[in-house]
Every structure is written in structure tokens, then in C-alpha cells.
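See below for the structure under consideration.
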Amino acid sequence: MLRESSKLEGDKVDLKIITSGLDVDGGVPEEKALVDFAEAALGQDTQAISTARSNLEQKIGTDGMIDAAAVIANFQRMVRIADGAGIPLDAPVAMVTAGMRDDLGINEFSSASYTPAVGFFKRALGSVLGLFLPIMLRRMSKSAD
Amino acid sequence: MSEAALHFDYSQAKYSIRQDLPQAYREVWDKIASPGNWFPGQDRVSIAAEVRSAWQCDLCLERKSALSPFSVTGNHRSVTNLPDTVIDAVHRLTTDASRLTKSWLGECQRKGLSLEQYVELLGVVVAVVSIDGFHRALGIELEPLPTPNPGEPDQYCPDTAVDGDAWVPMIPPASANGQESDLYDGSKQTGNVISAMSLVPDSVRLLKTLSAVQYLKLSDVPNPSKNANRKISRAQMELLAGRVSALSDCFY
Numbered sequence: 003m004l005r006e007s008s009k010l011e012g013d014k015v016d017l018k019i020i021t022s023g024l025d026v027d028g029g030v031p032e033e034k035a036l037v038d039f040a041e042a043a044l045g046q047d048t049q050a051i052s053t054a055r056s057n058l059e060q061k062i063g064t065d066g067m068i069d070a071a072a073v074i075a076n077f078q079r080m081v082r083i084a085d086g087a088g089i090p091l092d093a094p095v096a097m098v099t100a101g102m103r104d105d106l107g108i109n110e111f112s113s114a115s116y117t118p119a120v121g122f123f124k125r126a127l128g129s130v131l132g133l134f135l136p137i138m139l140r141r142m143s144k145s146a147d
Numbered sequence: 445m446s447e448a449a450l451h452f453d454y455s456q457a458k459y460s461i462r463q464d465l466p467q468a469y470r471e472v473w474d475k476i477a478s479p480g481n482w483f484p485g486q487d488r489v490s491i492a493a494e495v496r497s498a499w500q501c502d503l504c505l506e507r508k509s510a511l512s513p514f515s516v517t518g519n520h521r522s523v524t525n526l527p528d529t530v531i532d533a534v535h536r537l538t539t540d541a542s543r544l545t546k547s548w549l550g551e552c553q554r555k556g557l558s559l560e561q562y563v564e565l566l567g568v569v570v571a572v573v574s575i576d577g578f579h580r581a582l583g584i585e586l587e588p589l590p591t592p593n594p595g596e597p598d599q600y601c602p603d604t605a606v607d608g609d610a611w612v613p614m615i616p617p618a619s620a621n622g623q624e625s626d627l628y629d630g631s632k633q634t635g636n637v638i639s640a641m642s643l644v645p646d647s648v649r650l651l652k653t654l655s656a657v658q659y660l661k662l663s664d665v666p667n668p669s670k671n672a673n674r675k676i677s678r679a680q681m682e683l684l685a686g687r688v689s690a691l692s693d694c695f696y
């Protein structure tokens with residue numbers, strides 16, 4: 003969704019920012035302050051959280067910073083649901099994202115074992131379907147507006 | 445005035461926080477305090493207390509840094525009289541969820557924790573982790589836990605939940621009928637992470653309540669142009685989502 007939402011917003015994103023953090027230029031506006039805040043918020047160092055929060059507030063304003071805190075909180079929940087229930091990646095998503103997951107190295111996460119490996123045929127099919135994904139999502143966007 | 449109405453008063457907070465957040469949090473606090481399907485309100489509030497205790501638990505800290513979390517034994521820093529199996533599950537889900545295994549869950553079952561109880565405690569754990577996480581991120585004191593409401597669990601189990609690829613039975617979207625017709629908003633497709641807790645449908649409802657205010661309504665998630673009129677763009681939201689997931693070693 004980062005890739006597709008960035009396209010809609012006219013940005014070219016490097017997804018490696020997800021796994022590598024600020025070692026790469028991700029192409030998302032104010033990404034440094036956002037990633038710093040996310041990384042601090044997952045830790046226990048209240049001073050680091052405070053510093054990151056102030057920096058982000060300066061960059062995007064108070065309301066944006068609060069919205070960021072809410073999204074971070076949301077995904078602290080979602081990751082535990084996924085890991086706690088041992089769910090596999092949804093089959094269509096697994097097909098379309100097989101190559102990307104290889105590139106990002108997230109197949110190395112221990113919870114990757116819940117999802118069956120995608121075979122050659124499905125991987126190829128996923129690559130083709132991936133080409134049409136932006137079109138499908140754009141249509142969805144238009145019909146929802 | 446109900447007790448729930450007294451919670452999450454952000455009027456003295458450093459920041460002006462949009463009202464839908466405390467409204468949703470109050471609703472969740474009230475649900476946690478009330479009897480669930482498998483635990484009474486007292487136990488559900490105790491589960492919430494164990495979530496908070498887990499962050500200061502030496503055993504959890506030692507396990508987190510161990511090569512295998514199952515190689516370290518000991519006693520948790522417990523603050524309740526919940527059964528040991530429940531306490532262990534709550535602490536592991538809170539501090540090291542990405543390294544749980546199906547065989548560990550099987551061991552929990554052998555010790556008497558039913559899958560229904562497990563899913564219900566998972567629902568409480570993730571709600572508390574999330575709301576506490578919001579407070580920590582904003583430098584706000586953690587909200588006092590609610591007073592338990594009286595009553596007994598009704599042991600409701602949806603007969604449409606089926607075994608699948610997850611560790612726990614789930615209700616497929618096509619089977620979400622009758623009492624469960626609201627679970628997926630009528631959609632015939634949904635992500636596994638949404639149906640993951642459907643063995644205890646109210647856990648999915650809690651998830652929906654929180655997602656709608658912290659992130660997006662579930663129906664808006666597949667549409668990359670939606671950002672619920674937040675002050676950050678959808679790409680910025682997804683960057684945060686992805687980075688939190690990666691830092692949590694979450695593959696999903």
C-alpha cells in the first residue's frame with residue numbers, strides 16, 4: 003500500500019526504507035521525522051520519544067503528529083494479532099508480493115514460516131497481476147470518491 | 445455518569461486530541477471491563493494489568509534477548525492471580541509475539557487454555573498494547589484500568605468458525621451471517637488479520653473500533669487514496685505501518 007499510495011501522490015518510493023530505515027532515501031515526505039518517531043515510540047526511552055515527537059511536530063504540525071502516533075499504535079496492535087494467531091499472508095497478496103518480499107528480506111522473519119512458499123507458476127502469475135494492480139486500485143479510488 | 449465516561453479525559457493533555465480517539469478508547473475500556481465470551485470482567489481487567497506488567501518483567505526481558513524464547517524458564521513479574529498459562533501467554537504476546545509458535549500454543553491448550561480463551565485474551569492484549577502505545581507516544585500517563593463490571597461469560601462460540609491455515613479457527617467472510625453479519629461490513633473478502641480473532645467476534649469488533657480512529661475504517665484500507673482526512677498522507681501512514689511491522693519482525 004505504501005507503493006500504491008505513493009504513486010497516487012506522485013512520489014516514487016524506495017520500499018527498502020521499511021526494512022532498512024533511514025539508511026535509504028525512501029522518497030516519502032518528512033520520512034526522517036516519521037521513521038524516527040516510529041522507532042522511538044516502539045522503545046522505552048521516554049526522552050527519545052519526546053525528542054522525536056517534538057521534531058515531528060515541528061515538521062508536520064501537532065495534528066499530524068497525533069495522527070502519526072495513532073497509526074503507530076494501530077500497528078502495534080496489528081502485528082500482535084498476525085503473530086499471535088499465526089495467520090499466513092493472504093494468498094493473492096503472497097503471489098503479487100513474492101519478489102518484493104525477497105528484495106526486502108522480510109522472508110527472513112520467523113513469522114514468514116506461516117505462509118507457504120510461492121511456487122514458480124504463482125510467482126510468475128503474481129508478477130503479471132502486479133502490473134494491473136495500480137489500475138485496479140485507481141479504479142477503486144475513483145469509484146469510492 | 446458511567447465510569448467509562450470518566451476515562452480518557454484529555455482536556456489537560458499537552459496536545460488537543462481529536463475527540464473520536466477518546467470516544468473509541470472509552471468504548472474499548474468499557475468492553476474490557478465487561479464479561480466476554482470466555483472470561484469475566486475481572487479476568488479481562490487482570491489481563492490488561494498483566495500487559496502493563498510484562499514491560500517490566502525480567503523474564504520477558506531475558507527471553508527477548510535469548511536466541512530462543514523457549515530456552516529460558518522462570519517466573520513472570522505477575523500482578524494478578526490469573527493462571528500461569530494465561531499470564532505467560534499475555535506476557536509473550538505483549539513483548540515477543542513474533543517468535544510464538546504453533547507448538548507453543550498447543551502446549552497452552554494441553555495446560556488447559558482453550559483456543560477460544562486464547563483468542564479472547566489476544567483481543568484484550570492487543571487493545572491495551574495499542575491504547576497504551578498511543579499514550580506513550582504522546583507522553584501521556586497511562587489510563588487507569590477500568591473497574592470490572594459484574595457478570596459471567598456466556599461461552600458463545602460461533603458455529604461458522606472453521607479450521608484453516610491459521611493456528612486458530614476463523615469465520616470466513618462468506619460465512620459471516622446472522623449475529624456475525626456485521627463483522628466484515630458485508631464484504632465477501634477480507635484480510636486474514638481481520639478475521640484472525642473471529643472465533644471471538646467481539647474481539648474483531650474491538651479491532652474495528654480502534655482501527656477506524658487510529659488508522660482507517662476497514663473498508664477504506666484497500667483503497668490507497670483514502671486517508672480519512674488525517675493530517676498525514678496515506679503514504680506517510682503506510683510508511684509508519686511498514687516500519688512498525690518491520691521493527692516488530694512481523695512478516696504479515
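Same order as they appear, the protein sequences are chains A and B.
Everything in the first sequence is counted per this note's numbering, starting at 3 for the first residue and increasing by one.
Everything in the second sequence is counted per this note's numbering, starting at 445 for the first residue and increasing by one.
Yeah, the Cβ is synthetic: ideal placement off N, Cα and C, and Gly gets one too.
What you are looking at is a predicted structure, and each value in this text was computed from that prediction instead of being measured.
* To do: Measure the CB-CB distance between S619 of chain B and T634 of chain B and report whether it falls below 8 angstroms.
  => For the purposes of this step, residue 619 of chain B is taken as the residue at position 175 of the second sequence. For the purposes of this step, residue 634 of chain B is taken as the residue at position 190 of the second sequence. Contact: no.
* For V30 of chain A, go through chain B and note every residue whose CB falls closer than 7 angstroms to its CB, in chain order. => Numbered from its first residue, the first sequence carries residue 30 of chain A at position 28. Within chain B, the residues near V30 of chain A are A679, Q680 and L683.
* Interface residues of chain A facing D502 of chain B [CB-CB closer than 9 angstroms] -> As a working mapping, residue 502 of chain B is identified with position 58 in the second sequence. Under the 9 angstroms cutoff, chain A gives no residues; its nearest Cβ is about 14 angstroms from D502 of chain B.
* Asked: Between B:S642, B:S663 and B:T591, which lies nearest to Y600 of chain B when the distance is taken from Cα to Cα?
  -> Here residue 600 of chain B corresponds to residue number 156 of the second sequence, with the count starting at 1. Answer by Cα proximity: B:S642.
* Residues of chain B with a CB under 7 angstroms from the CB of Q78 of chain A: which are they? -> Looking up residue 78 of chain A in the first sequence gives position 76. The contacting residues are V573, S574, G577 and V688.
* Asked: Does the beta carbon of F695 of chain B come closer than 8 angstroms to any beta carbon on chain A?
  -> Residue mapping note: residue 695 of chain B aligns to position 251 of the second sequence, counting from 1. Yes, F695 of chain B lies at the interface with chain A (some Cβ there is under 8 angstroms from its Cβ).
* Asked: Taking all protein chains shown into account, do 16 or more other C-beta atoms lie within 10 angstroms of the C-beta of S129 of chain A, making it buried, or fewer, making it exposed?
  -> Translated into positions along the first sequence, residue 129 of chain A becomes position 127. S129 of chain A comes out exposed.
* Asked: For T589 of chain B versus A498 of chain B, is the C-beta spacing smaller than 8 angstroms?
  -> Looking up residue 589 of chain B in the second sequence gives position 145. Looking up residue 498 of chain B in the second sequence gives position 54. Per the sequence presented here, residue 589 of chain B reads as Leu, with Thr not at that position. Going by C-beta atoms, L589 of chain B is not nearer than 8 angstroms to A498 of chain B.
* Would a check of beta-carbon distances place A146 of chain A closer than 8 angstroms to chain B? -> Counting from 1 along the first sequence, the entry for residue 146 of chain A is found at position 144. With a pLDDT of only 43 at A146 of chain A, under the threshold of 50, the placement of this residue in the model should not be trusted, and no figure is reported.
* Would you check if the region 614–633 of chain B and the region 67–78 of chain A touch, i.e. whether three or more CB-CB distances between them fall below 8 angstroms? => no
* With a 10 Å radius around its C-beta and 16 neighbouring C-beta atoms as the bar for buried, classify P118 of chain A as buried or exposed. => As a working note, residue 118 of chain A is residue 116 in the first sequence. Only exposed fits P118 of chain A, as fewer than 16 other CB atoms lie within 10 angstroms of its CB.
* To do: Assign N481 of chain B to one of two classes, buried (16 or more other C-beta atoms within 10 Å of its C-beta) or exposed (fewer than that).
  => Stepping through the second sequence from its first residue, residue 481 of chain B is reached at position 37. Its Cβ being crowded by 16 or more others within 10 Å, N481 of chain B is buried.
* Under 8 angstroms between the Cβ atoms of I68 of chain A and V637 of chain B? -> Here residue 68 of chain A refers to the residue found at position 66 of the first sequence. Here residue 637 of chain B refers to the residue found at position 193 of the second sequence. No, Cβ-Cβ distance for I68 of chain A and V637 of chain B is not below 8 angstroms.
* Taking only beta carbons into account, state which residues of the region 469–485 of chain B come closer than 8 angstroms to chain A, listed in chain order. => none
* Asked: Under 8 angstroms Cβ-Cβ, which residues of chain A neighbour I461 of chain B?
  -> If you number the second sequence from 1, residue 461 of chain B lands on position 17. By Cβ distance, chain A contributes I68.
* Asked: Quick one: is P668 of chain B near chain A, going by C-beta distance under 8 angstroms?
  -> Stepping through the second sequence from its first residue, residue 668 of chain B is reached at position 224. Yes, P668 of chain B lies at the interface with chain A (some Cβ there is under 8 angstroms from its Cβ).
* Asked: Counting only beta-carbon atoms, is A84 of chain A nearer than 8 angstroms to chain B?
  -> Counting from one through the first sequence, the residue named residue 84 of chain A turns up at place 82. Chain B, which has a Cβ nearer than 8 angstroms to the Cβ of A84 of chain A, makes this yes.
* Asked: If we cut at 8 angstroms on Cβ distances, does S7 of chain A have a partner in chain B?
  -> Residue 7 of chain A sits at position 5 when you count from the first residue of the first sequence. Interface flag for S7 of chain A against chain B is set, since a Cβ pair is found closer than 8 angstroms.
* Reference D626 of chain B; option with closest CA among B:A685, B:S460 and B:V648 -> In the second sequence, counting from the first residue as 1, residue 626 of chain B sits at position 182. The option with the nearest alpha carbon to D626 of chain B is B:V648.
* Asked: Can you tell me the Cα-Cα spacing of G12 of chain A and K675 of chain B, whole angstroms?
  -> In the first sequence, residue 12 of chain A corresponds to position 10, counting from 1. In the second sequence, residue 675 of chain B corresponds to position 231, counting from 1. Cα to Cα, G12 of chain A sits roughly 18 angstroms from K675 of chain B.
* Endpoints, alpha helix (DSSP H) assigned at D47 of chain A -> Here residue 47 of chain A refers to the residue found at position 45 of the first sequence. It is not in any alpha helix (DSSP H) - D47 of chain A carries neither H nor E in the DSSP assignment.
* Can you give the Cα-Cα distance for G622 of chain B and P602 of chain B, rounded to whole angstroms? -> Residue mapping note: residue 622 of chain B aligns to position 178 of the second sequence, counting from 1. Residue mapping note: residue 602 of chain B aligns to position 158 of the second sequence, counting from 1. Cα-Cα distance, rounded: 10 angstroms.
* **Local conformation of K14 of chain A per DSSP, three classes** => Taking the first residue of the first sequence as position 1, residue 14 of chain A is located at position 12. Coil at K14 of chain A, not helix or strand.
* Could you have a look at M681 of chain B and say whether DSSP puts it in helix, strand or coil? => As a working note, residue 681 of chain B is residue 237 in the second sequence. The answer is helix: DSSP assigns M681 of chain B an H, G or I state.
* Span of the alpha helix (DSSP H) holding V489 of chain B? -> Translated into the one-based positions of the second sequence, residue 489 of chain B becomes position 45. Segment G485 to A498, the alpha helix (DSSP H) holding V489 of chain B.
* Asked: For M3 of chain A, which of helix, strand or coil comes out of DSSP?
  -> The residue given as residue 3 of chain A occupies position 1 in the first sequence. Coil.
* Asked: Alpha carbon to alpha carbon, how far is E110 of chain A from R687 of chain B?
  -> Counting from one through the first sequence, the residue named residue 110 of chain A turns up at place 108. Counting from one through the second sequence, the residue named residue 687 of chain B turns up at place 243. Going by the C-alpha atoms only, they are around 16 angstroms apart.
* Return the residue from the list B:S509, B:S478, B:L503 and B:Q561 that minimises the CA-CA distance to H520 of chain B. => Locating residue 520 of chain B in the second sequence gives position 76, where the first residue counts as 1. Checking every option, the nearest Cα to that of H520 of chain B belongs to B:L503.
* Validate contact between the region 571–590 of chain B and the region 450–462 of chain B using beta carbons, cut 8 angstroms, 3 pairs -> Because the criterion of three Cβ pairs below 8 angstroms is met, the region 571–590 of chain B and the region 450–462 of chain B touch.
* Which residues DSSP lists as bridging V699 of chain B, in chain order -> Summary: the structure shown does not reach residue 699 of chain B, with chain B confined to residues 445 through 696, and so no result is reported for it.
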